[in-house]
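Colleague:
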Amino acid sequence: MDLYKAAFVLGALTCTVSGINVDSYAKTEGAWILSLNKRHYTVNTVAECAAKCDAETTFTCKSFMYVEKDQECWTATENSKSDTLLRRTSAALYEKKEYLLECGNGLGTDYRGTNSRTKSGKMCQRWDATFPHRPNFTPKTHPRADLDSNFCRNPDADSGGPWCYTTDINTRWEHCNVASCTDDCIHCSGENYRGKISTTENGFTCQRWDSQKPHNHGYIPSVLPEKYLEDNYCRNPDGDPKPWCFTTSPSKRWDFCSIPRCTSEPPTIIPEVTCATGEGGAYRGTIAVTQSGKTCQSWSAQTPQKHNKTPDNYPCKGLDNNYCRNPDNERMPWCYTTDPEIRWEYCKVKSCGDAPGPDEPVIPTEEEDCYEGDGTSYRGVTTETISGKKCQGWSSMTPHSHTKTPQKYPTGDLRRNLCRNPDGDRAPWCYTTDPSVRWEYCNLEKCSIGSSGALPTKPPVPNPPSTVTQAPAAKDCKVGSGGTYRGPTSITILGVTCQAWNAQSPHQHRSFTPETHPDKGLDGNSCRNPDNDVNGPWCYTTDSNKKWDYCQISECAGENCGSPPSKPRRCFGRIVGGCVSKPHSWPWQISLRTSNGVHFCGGTLIHRQWVLTAAHCLERSKRPQAYKVLLGVHTERANEPSKQERRLEKLVLEPSGADIALLKLQSPALINDKVLPACLPDKDYVVPSGTECYVTGWGETQGTGGEGILKETGFPVIENKICNRPSYLNGRVRNHEMCAGNIEGGTDSCQGDSGGPLVCNAQNRYVLQGVTSWGLGCANAMKPGVYARVSKFIDWIEATIEAN
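Going left to right, the sequence shown walks through residues -19 to -1, 1 to 785 as mature numbering (1 follows the signal peptide of the UniProt record, and there is no 0) numbers them.
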């Protein structure tokens, strides 16, 4: 190759998508792109829109947007890598996958990524620029080579791979470091590894991530889509030194995979030296003291703390000297300490801009968790969308890059991943952790219905827990997002009459008719949801200025488990000892007492006549007469008028000796707004890692206040793989148990809480996932609480209740 990069005829180097294969596009719902170069079409299907994109000749079409309800198609020359994405209801962005890859095949002539630095680190010159170097390859001379911006490309099939002209006046051009799409190697610790190796370093075959056999686990692909847990391929979802997998061997739960390191340069990280954004993964400052003032240990040292967070194991994490860093996706920068008694602590690194610190606790106010008006003032703790997706953190740029950051919206209270409305939308919303769904409105009700801008009432559980029964779909109410709704309502939320589905006036449409969707109930003009819109049933309208709108359909009422009339505060975060609960907001909580009325354990009402508790709470006696249960109380004194007292008829211990037991009440509890059962989980369900759950009880507070009053605290579930690490609980946690807690300590269940509930919120219902069992002390760092995993005992619970 000539030093000056002589011109070369492209010929066969053109990248096209054959036919109208929509599978060659990556779909993101709720996304809209601001592209200056785009064209508008009216089409009947998404495939027709893809065909328009493939056929564009005036520009290279890299993406298109399609609104199915409106049958509108926009082809665009930009994609999410090169332009700003906006939120838009009912729209979907389709991007050609070839333009999203940050790797190339063969010589890299097909590379369409965004690397813009050469192997020596020089910044690339724009292809359409003439300074400092006059190029022979430009967008005009080689329009099909995708010479965008200053991204590395290979328009002349150079044997060295992608290259660019540089901004260094002394260096005309250089090759770039572009990874091969076919190489199975890892950068850094392999967090972004997407290869297909599925055998461990010790020769074990990997278990599929969507399987719970032979090993139960909390890394569930459908709940953690941003982790790309595909098939049984090796991945690194939890900040380990390299990719790993659960194995198909019953005797080996998990093992590391042997994947070589890539020779190309890792992705560029823009260092933050004076502050930290989000979890502080990019922090490269020189703070080397913990929050309590302890000196940090050098990352390369093994005394006094022995560890595996070394520069060799974590090569891209800036583990220089003893500076505070976050190599393993912790909550904020931290370090091992030089104090032999304190293994590690977080560091006091300020947040960039006006963003609240990641350690700032969430102590919600007493108001109900609903929103007024458009929800701009909403400050509740909901973190789930209307379809049940987990919200992405506002400071995070993965999986969705965005501009709604705490720095740009300092008055928006954009903490953690809490539902908010920073931009004056019509209701609180959030970006989701699902890469294919950019954003959704949140699973919240208006505090008062009637505003013309109200959303349809929130849906109930689409796949409810095992104790929830769905109402018949024939009623004038909806289940879930209303896909089965067949009621008579035919007026939109704004009061406009619906257009008949088989009519083409005043609005023409071909996507949703009785012929195209014969099983969707599109007879007449009643509201329906033929496209499973998460916001509920809708219709085309008879208003010529409003093509379609949603309808106000109430939700069908199921059995009222896990849904307290008085919504809990849901205190979550680093709140020492938790906070005092709202009275009767956890109405399944019971107080297990001695026969003379002394509280000593908790429990959970799961049925009118049955309570679930811990087996070790019954060690003092196996006689039912030795105990009694109090329901409907908020204080340990139990002098509330709502109190219900029940003697016990029977004690049933779990036959295999697990720390779980059933108590049969002599007479059924009276179910009311103060006494209500919690929902039971599905059999063998494993709570995904990181799920926010809550414990309640009257147990030991260790001087944190609230003695004698029911307290609550929230913290994340910790996958057993992490909880069993030597520095945590060192293999003590068994398969029928689960861990939850703050790794740094500070909040926990304690003595007197034993037997009580660990409940997790799932689409506005609380499901009993754990029974408080044991722990190494209370609220100690790296010693989370251990709970009996209720889903492992569903068969026993149901059989016991049925037989007695």
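Even glycine gets a Cβ: it sits at the ideal position worked out from N, Cα and C.
Give the DSSP-derived three-state secondary structure of W569 in the structure shown.
Modeller: Looking at W569 - three-state DSSP - the assignment turns out to be coil, as it is neither helix nor strand.
Colleague: When DSSP labels each residue in this structure, what does V27 get in the three-state scheme?
Modeller: It is helical.
Colleague: Can we say the region 347 to 365 touches the region 405 to 421, given the rule of at least three CB pairs closer than 8 Å?
Modeller: Result yes; three or more Cβ-Cβ pairs closer than 8 Å.
Colleague: Classify E600 as buried or exposed, calling it buried when 16 or more other Cβ atoms lie within 10 Å of its own Cβ.
Modeller: Burial call: exposed.
Colleague: Do the region 106 to 113 and the region 72 to 91 meet, that is, are 3 or more Cβ pairs less than 8 Å apart?
Modeller: Contact fails: fewer than three Cβ-Cβ distances are below 8 Å.
Colleague: Given this structure, state the Cα-to-Cα distance separating N541 from P658, to the nearest angstrom.
Modeller: In a straight line, the C-alpha of N541 is about 8 Å away from that of P658.
Colleague: From L475 to D530, what distance separates their C-alpha atoms?
Modeller: Those two C-alpha atoms are separated by around 8 Å.
Colleague: Let me know the secondary structure DSSP gives H597 once reduced to three states.
Modeller: Helix at H597.
Colleague: Going by the DSSP bridge assignment, what does R715 pair with across the sheet?
Modeller: R715 pairs with nothing; no bridge assigned.
Colleague: Once the 5 residues before and after H588 are set aside, which same chain residues still bring their CB inside 7 Å of it?
Modeller: The residues are P658 and I782.
Colleague: Let's see if you can read the secondary structure: which residues bound the beta strand (DSSP E) around D530?
Modeller: W529 to Y531 is the extent of the beta strand (DSSP E) around D530.
Colleague: Buried or exposed for V579, please, with buried defined as at least 16 other CB atoms from any protein chain shown within 10 angstroms of its CB.
Modeller: Classification for V579: exposed.
Colleague: Here's the rule I'm using: 16 or more other beta-carbon atoms within 10 Å means buried, otherwise exposed. How should T(-4) be labelled?
Modeller: Here the model assigns T(-4) a pLDDT of 35, short of 50, so the residue's position is not dependable, and the following value carries that caveat. Result: exposed.
Colleague: Quick check: the Cα distance between K563 and K645, rounded to an integer number of angstroms?
Modeller: Cα to Cα, the separation comes out at about 28 Å.
Colleague: For the alpha helix (DSSP H) holding A780, just list the boundary residues, first then last.
Modeller: I775 to A784 is the span of the alpha helix (DSSP H), which, as asked, contains A780.
Colleague: So, for D394: in the same chain, excluding its five sequence neighbours on each side, which residues have a beta-carbon less than 7 Å away from its beta-carbon?
Modeller: Contacts found: R360 and R401.
Colleague: Extract the residue ranges of the beta strand (DSSP E) inside the region 27 to 88, only unbroken runs of 3 or more that lie entirely within it.
Modeller: The qualifying runs are 44 to 48, 53 to 57 and 66 to 77.
Colleague: Determine the burial state of F112: buried for a count of at least 16 other Cβ atoms within 10 Å of its Cβ, exposed for fewer.
Modeller: With fewer than 16 other Cβ atoms within 10 Å, it is exposed.
Colleague: Which runs of the alpha helix (DSSP H) at least 4 residues long sit entirely within the region 615 to 650? Give them in chain order.
Modeller: List check, alpha helix (DSSP H) in window: nothing returned.
Colleague: If distances are taken between C-alpha atoms only, which option among T228, H196 and C520 comes closest to N183?
Modeller: Of the listed residues, the one whose Cα sits closest to N183 is T228.
Colleague: Step through the CB atoms of chain B and report whether any lies within less than 8 Å of the CB of D149.
Modeller: Of the protein chains in the structure, only one exists, and it is not chain B.
Colleague: So, helix, strand or coil for S332, using DSSP?
Modeller: Looking at S332 - three-state DSSP - the assignment turns out to be strand.
Colleague: For R713, count neighbouring C-beta atoms within 10 Å of its own C-beta (all shown protein chains included) and say buried if the count is 16 or more, exposed if not.
Modeller: Its Cβ having fewer than 16 others within 10 Å, R713 is exposed.
Colleague: Drop a sphere of 10 angstroms on the beta-carbon of R618, count the other beta-carbons inside from all chains shown, and report buried for 16 or more, exposed for fewer.
Modeller: Exposed.
Colleague: Roughly how many angstroms lie between the CA atoms of P445 and V667, to the nearest whole one?
Modeller: Note that P445 has pLDDT 36, beneath the 50 cutoff, so the model's placement of it is unreliable and the number below is only indicative. Rounded to whole angstroms, P445 to V667 spans 15 Å at the Cα level.
Colleague: S61 and A160 - do their beta-carbons sit closer together than 8 Å?
Modeller: Not closer than 8 Å, so no.
Colleague: Can you tell me which of the three DSSP states C704 falls into?
Modeller: It is helical.
Colleague: Could you work out which residue in S273, K223 and S101 is closest to T147 when comparing CA atoms only?
Modeller: Considering only alpha carbons, the answer is S101.
Colleague: Considering Cα atoms alone, identify which of E621, R627 and G94 is closest to P605.
Modeller: With distances taken between Cα atoms, P605 lies closest to R627.
Colleague: If we count Cβ pairs, one from each stretch, closer than 8 Å, do we get three or more for the region 191 to 211 versus the region 283 to 299?
Modeller: Segments in contact, no.
Colleague: Near A780, what residues of its chain come up, given a Cβ to Cβ distance below 8 Å and the 5 sequence neighbours on each side ignored?
Modeller: Answer for A780: no residue qualifies.
Colleague: Can you find the residues in the same chain that come closer than 8 Å, C-beta to C-beta, to N785, ignoring five residues on each side of it along the sequence?
Modeller: Within the same chain, N785 has close Cβ partners K631, V633 and K645.
Colleague: Distance, Cα to Cα, N577 vs L643?
Modeller: The straight-line gap from Cα to Cα measures roughly 21 Å.
Colleague: Could you have a look at S754 and say whether DSSP puts it in helix, strand or coil?
Modeller: S754: strand per DSSP, three-state reduction.
Colleague: Out of curiosity, what's the CA-to-CA distance linking H123 and P136?
Modeller: Their Cα atoms are separated by approximately 8 Å.
Colleague: Less than 8 Å between C-beta atoms, sequence neighbours within five positions excluded: which residues of the same chain meet that for I775?
Modeller: Same-chain partners within the cutoff: S447, L661, P662, D663, K664 and D665.
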